[in-house]
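> Quick one: structure below, then a few questions.
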Amino acid sequence: MTDASTAFVTAFGSEPTGRWAAPGRVNLIGEHTDYNDGFVLPFALRQRVVAAAGPSSEPGWTVCSDFAPDPVTFTSTEIGAVEGWAAYVAGVVWALHDAGFDVPPARIALSSDVPVGAGVSSSAALESAVLTALVDLGGLDLPVAARPALAQRAENVYVGAPTGIMDQSASIRCEQGRALFLDCRSLEVEQIPFDLADAGLAILIINSNAPHQHVDGEYGARRKSCEEAARILGVPALRDVSPADLDEALIKLDDEVMRRRVRHIVTENQRVLDTVGLLRAGRIREIGPLMTASHASMRDDFEITVPEVDVAVLASLAAGAYGARMTGGGFGGCVLALIDVGEAERVTAAVAAAYAKSGFTAPTMWSATPGPGACRLP
Ligand code: GLA
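Quick look at the structure:
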């Protein structure tokens, strides 16, 4: 990861005004619940996007990065035409304009160590870093709580990905040492203490390195199916179906696939609430079975896992993990395994061996602790 300040000086020949950082995330539990107005519980990774930024005397915005060779410049009349990685930047400028903000012309140099295509929200980290930088640079009056929705609009409307509000909320609102309990309907948050080291635990992240396939189409199909089910059931969103109402709701749905999608969302929301209850009581170890049940639900009912992540879950459980599950949108990406801190090497070796036996590309693994959300760097 090139230092963003150095990249700024090299590209623009002057010092930046400052540096702003926004992290990638993993979701401890609560998958595909965000666009169903439900609950999620992500935490921020240490890996982050850093944006070194400063004002520009030229009209428009110029952005360069350590993940693409050429800088991109766009003016306010060209905002709609930006493609590729810079679309996430232009999308943020567009969303700010659309919300009535006057965004000052700026120059931005980006650097990132958030893995791309691993389901840990590298794009939300990019949007959130740029948004935080532009808000500060321009002195814009945009409260922190309102920022995720704006970054989400950049992704939904500008980039065209029909994602929920979890990733941008995590990147912007997470706090170090805590998991972010977010109610995706009210957008209320509670910072839940998640001190793994204190409990002698670690979260091992296993990047399956499985090639993402049909992600966008499958994601959109899941979302449609949930919205259609809510319509048939006569509720604003599947959030409004409680576990106690589930059997009755399922009887009203003719389609077997739709029934399974609904069952995942309803049970997953409850698993988030149960996980939060255990964490509030300081019983971290006991969330393991909820994580594993979440994985089974994603595999059997929501059908978003792939063999690589299923093998990682099974292998880490067999090696003694308290719980394990895929995190993120699915069809590849990462698995989280809750383990005793001293077991990381053993579990890592067991997962690597299981991958080799299955003939899969080797996974990438590291232990994660909850890091801070978006901020200006000193
Ligand atoms: C992706 C989306 C999120 C969320 C997750 C699944 O990361 O960007 O909004 O829906 O998938 O939980």
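Residue numbers (the working numbering): 336 to 713.
For each residue, glycine too, the CB sits at the ideal point set by N, CA and C.
Fair warning: this is a prediction, and the values are worked out from it, not measured in the lab.
1. Taking a contact to mean a Cβ-Cβ separation below 8 angstroms, would you say ALA346 touches ALA444 in this structure?
2. Could you spell out the range, first to last residue, of the beta strand (DSSP E) harbouring TRP420?
3. Quick one: Cα of ALA564 to Cα of ARG598, how far?
4. In three-state DSSP terms, what is ALA302?
5. Less than 8 angstroms between the C-beta atoms of CYS519 and GLY373, yes or no?
6. Measuring only the C-alpha atoms, how far is VAL592 from GLY415?
7. Which two residues bound the contiguous alpha helix (DSSP H) that contains SER400?
8. Starting from TRP701, follow its DSSP beta bridges and name the residues at the other end.
9. Let me check you understand the geometry: is the CB of GLU366 closer than 7 angstroms to at least one non-hydrogen atom of the ligand GLA?
10. Whole-angstrom Cβ separation of ILE507 and ALA339, contact assumed at under 8 angstroms?
11. CA-CA distance, GLY454 and ALA584?
12. Rounded to whole angstroms, what is the Cα-Cα separation between GLY658 and ILE364?
13. Starting from ARG634, follow the beta strand (DSSP E) in both directions and report where the run begins and ends.
14. I want to check one thing, is the minimum distance from the CB of TYR493 to the heavy atoms of the ligand GLA below 7 angstroms?
15. Only counting the same chain, and skipping five residues up and downstream in sequence, which positions put a Cβ closer than 6 angstroms to that of CYS399?
16. Cutting at 7 angstroms between CB atoms, please list the residues of its own chain near ALA727, excluding the five before and the five after it.
17. With three or more C-beta pairs closer than 8 angstroms as the rule, is the stretch 683–702 touching the stretch 565–582?
18. For PRO640, count the other beta carbons within 10 Å of its own beta carbon; 16 or more makes it buried, fewer makes it exposed. Which is it?
19. Between the Cα of GLY663 and the Cα atoms of VAL524, GLY499, PHE516, which residue gives the shortest distance?
20. Pick helix, strand or coil for VAL451, following the three-state DSSP scheme.
21. Run through the stretch 550–605 for me and flag every whole alpha helix (DSSP H) of 4 or more residues, listed as ranges in chain order.
22. Hey, THR602 and SER632 are a contact pair by Cβ (cut 8 angstroms); roughly how many whole angstroms apart?
23. Under the criterion of a Cβ to heavy atom distance below 7 angstroms, does MET501 qualify as lining the ligand GLA?
24. Could you have a look at ARG335 and say whether DSSP puts it in helix, strand or coil?
25. Looking at the ligand GLA, does it come within less than 7 angstroms of ASP636, judged from the CB to the closest heavy atom?
26. Measuring only the C-alpha atoms, how far is ASN604 from LEU625?
27. Indicate whether GLY504 and LEU517 have their beta-carbon atoms separated by less than 8 angstroms.
28. Measure the CB-CB distance between VAL783 and ALA489 and report whether it falls below 8 angstroms.
29. Verify whether the separation of the beta carbon atoms of VAL361 and LEU671 is less than 8 angstroms.
30. Measure the C-alpha to C-alpha separation of ALA684 and VAL570 and round it to an integer number of angstroms.
31. Does the distance from the C-beta atom of PHE378 to that of CYS561 stay below 8 angstroms?
Short version:
1. Pairing ALA346 with ALA444 gives a Cβ-Cβ distance under 8 angstroms.
2. In the DSSP annotation of this structure, TRP420 is not part of any beta strand (DSSP E), being labelled neither H nor E.
3. Taking the straight line from one Cα to the other gives about 11 angstroms.
4. In the structure displayed, the chain extends from 336 to 713; residue 302 sits before or after that span and is not available.
5. Yes. Within cutoff.
6. Distance between the alpha carbons of VAL592 and GLY415: 38 angstroms.
7. Counting along the chain, SER400 falls outside any alpha helix (DSSP H), though it belongs to the beta strand (DSSP E) covering 396–400.
8. ILE540
9. Taking the Cβ of GLU366 as the reference point, at least one heavy atom of the ligand GLA falls within a distance shorter than 7 angstroms.
10. 18 angstroms between Cβ atoms; not a contact.
11. In this structure, the CA atom of GLY454 is about 31 angstroms from the CA atom of ALA584.
12. 11 angstroms
13. Where ARG634 is concerned, there is no enclosing beta strand (DSSP E), although the alpha helix (DSSP H) it sits in stretches over 623–635.
14. No - the ligand GLA has no heavy atom lying nearer than 7 angstroms to the Cβ of TYR493.
15. Close CB contacts of CYS399 within its chain, under the 6 angstroms cut and outside five residues either way in sequence, are with ALA346, PRO406, ALA444 (chain order).
16. Here the chain comprises residues numbered 336 to 713, so residue 727 is not present and cannot be evaluated.
17. no
18. A quick correction: the sequence has Thr, not Pro, at residue 640. Burial call: buried.
19. GLY499
20. coil
21. 550–568, 581–586
22. 6 angstroms
23. yes
24. Not covered by the structure: residue 335. The range shown for the chain is 336 to 713.
25. no
26. Distance from the CA of ASN604 to the CA of LEU625, rounded to the nearest whole angstrom, comes to 11 angstroms.
27. As written in the sequence, residue 504 is Ser, which differs from the Gly given in the question. In contact: SER504 and LEU517 (Cβ atoms closer than 8 angstroms).
28. Because the chain here runs from 336 to 713, residue 783 falls outside it and cannot be looked at.
29. yes
30. Here the C-alpha atom of ALA684 lies approximately 47 angstroms from the C-alpha atom of VAL570.
31. no
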